[in-house]
Amino acid sequence: MASQQDVQFLSFNTRISPELVTYQTPSPAELEEMKSKDPALRHTWTIWEQIAQTQRDNSQYSDQTNRVASFSTVKGFWKYWNHLPQPSMLLDGKKFVRVTPDNKNVVDALMLFREGIKPEWEDTANAAGGHFQFQLKATLGGGAIDEYWNNIVLGMIGGSIEPADMITGVRLLDKLTNKRAAFIRIEVWFSNFNDTEKVDLLQQSLERCMSTHLDGTQSSAAWGKTEKMSHAPTKK
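Every letter in the sequence shown is one number past the one before it in the numbering used here, and letter 219, counting from 1, is 226.
Right, here's the structure in full:
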């Protein structure tokens with residue numbers, strides 16, 4: 008079994024955390040019990056992807072956003088999550104790609120939202136809300152970026168980031184080709200931007216979750232500033 012010193016980050020990129028597969032391996036009895044159970048999640052969640060627009064493509068945002076799959080249990084989540092790329096792979100010069108029999112498209116963003124909520128500001132669940140935004144530079148390292156992303160997703164679907172029912176979804180965007188500033192951006196969307204007390208509590212809980220390591224210790228917010236954005240239309 009891998010020791011805690013062997014695994015620095017919660018990353019499912021085997022290049023970064025090759026020992027994660029044997030980290031805290033369950034006993035045979037625990038493994039049999041896990042096989043027989045499939046705990047339900049508090050909500051059903053949907054995975055979405057956003058296809059990159061070309062310079063000659065005038066498609067609307069909604070036309071570029073595709074629903075991939077939904078899940079409502081722990082095993083359902085891992086069925087898909089084990090096959091989704093980790094953000095650290097983008098730092099190796101790779102791209103997220105959707106391959107079909109007729110085409111191959113670059114995917115700009117991976118998204119995970121509660122069932123029935125579209126990853127759009129105009130959706131009724133998001134219209135009066137906002138999102139926290141994290142601009143993660145490559146200098147942070149792939150392990151740290153993966154850990155932030157995985158911590159957020161697991162904390163969100165598991166309900167450990169509170170107030171849990173405020174969160175509507177999360178987005179991971181590839182901005183590494185941005186000429187002015189290259190980064191990977193994570194957005195955590197929530198409802199009711201004007202409930203400042205709950206929004207502040209949510210931010211504190213989110214940041215605590217992000218900075219927690221596999222061994223339970225916490226580190227400082229190496230990502231820098233947590234930006235808070237409103238989805239309300241800008242007044243002219």
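Ideal Cβ positions, reconstructed from N, Cα and C, are used throughout, including at glycine. Only a predicted model underlies this, so the values are computations on that prediction, with no experimental measurement involved.
Option nearest residue i by Cα separation, candidates the options
i    : options                   : result
D45  : E127, R187, S24 and F84   : F84
I124 : E204, K235 and A134       : A134
Y155 : V28, L183 and L213        : L213
D130 : G162, K102, T107 and T175 : T175
K182 : K101, E169, L119 and M173 : K101
T107 : K82, I58, I193 and F78    : I58
V177 : D202, E56 and R215        : E56
S167 : T21, R49 and E39          : R49
D222 : T21, Y30, N89 and P25     : Y30
E169 : R215, L147, F19 and N89   : R215
E194 : H138, S226 and D202       : H138
Y68  : D172, W128 and T21        : W128
T203 : M236, R192, L180 and A188 : M236
N20  : K86, L91 and M173         : L91
M173 : A132, L38 and E39         : A132
Local Cβ density within 10 Å of residue i, reported as buried at 16 or more and exposed below that
i    : result
L288 : Here the chain has residues from 8 to 243 only, and residue 288 is not among them.
A151 : buried
Q93  : buried
L27  : buried
T53  : buried
E122 : exposed
G162 : buried
N89  : exposed
M41  : exposed
N185 : exposed
S153 : It is worth fixing the name first, because residue 153 is Asp in this sequence and not Ser. D153 is buried by the Cβ-count criterion.
S18  : buried
N110 : exposed
R63  : At R63 the pLDDT is 49, less than 50, meaning the model places this residue with poor confidence; the figure from the coordinates comes in the next sentence. Label assigned to R63: exposed.
Contacts around residue i, its chain only, beta-carbon distance under 7 Å, and the 5 residues preceding and following it disregarded
i    : result
M279 : Because the chain in this structure spans residues 8 to 243, residue 279 falls outside the shown range and cannot be described.
G136 : T175, W196, F197, S198, N199, F200 and H238
S10  : Confidence at S10 is low in this model, with a pLDDT of 41, below 50, so its placement is unreliable and the value that follows should be read with caution. Nothing meets the Cβ criterion.
A47  : S79 and T80
S77  : T51, W52, T53 and E122
T219 : N158 and Q225
P126 : W55, T72, M118, F120, G176 and R178
F16  : I23, S24, G150, A151, D153 and E154
R74  : T53 and W55
I164 : L48, W52 and F84
Cut-off 8 Å between Cβ atoms - residues of its own chain near residue i, not counting five sequence neighbours on either side
i    : result
K82  : D45
L147 : A229 and W230
M8   : Residue placement at M8 is poorly supported in this model, since its pLDDT is 41, which falls under 50; the coordinates still yield a value, given next. Within the same chain, M8 has close Cβ partners T29, Y30, Q31 and T32.
V104 : K111, N112, V113 and V114
Bridge partners - residue i, DSSP secondary structure assignment
i    : result
D181 : I191
T53  : S77 and F120
Q225 : T219
A47  : T80
W196 : H138 and G176
6 Å CB neighbourhood of residue i in its chain, flanking five on each side removed
i    : result
G149 : I23, S95 and L98
F190 : Q142, L143, K144 and K182
R192 : Q142, L180 and K182
The ligand ZN heavy atom lying under 7 Å from the CB of residue i
i   : result
K42 : As far as ligands go, the structure on display features none, and thus does not contain the ligand ZN.
(Q) I'd like to know if the stretch 111-122 and the stretch 207-222 are in contact, where contact means that at least 3 CB-CB pairs between them fall below 8 Å. (A) No: the two stretches stay apart, fewer than three of their Cβ pairs being nearer than 8 Å.
**Q.** Any 3 or more C-beta pairs closer than 8 Å across the stretch 141-151 and the stretch 229-241
**A.** Touching, yes.
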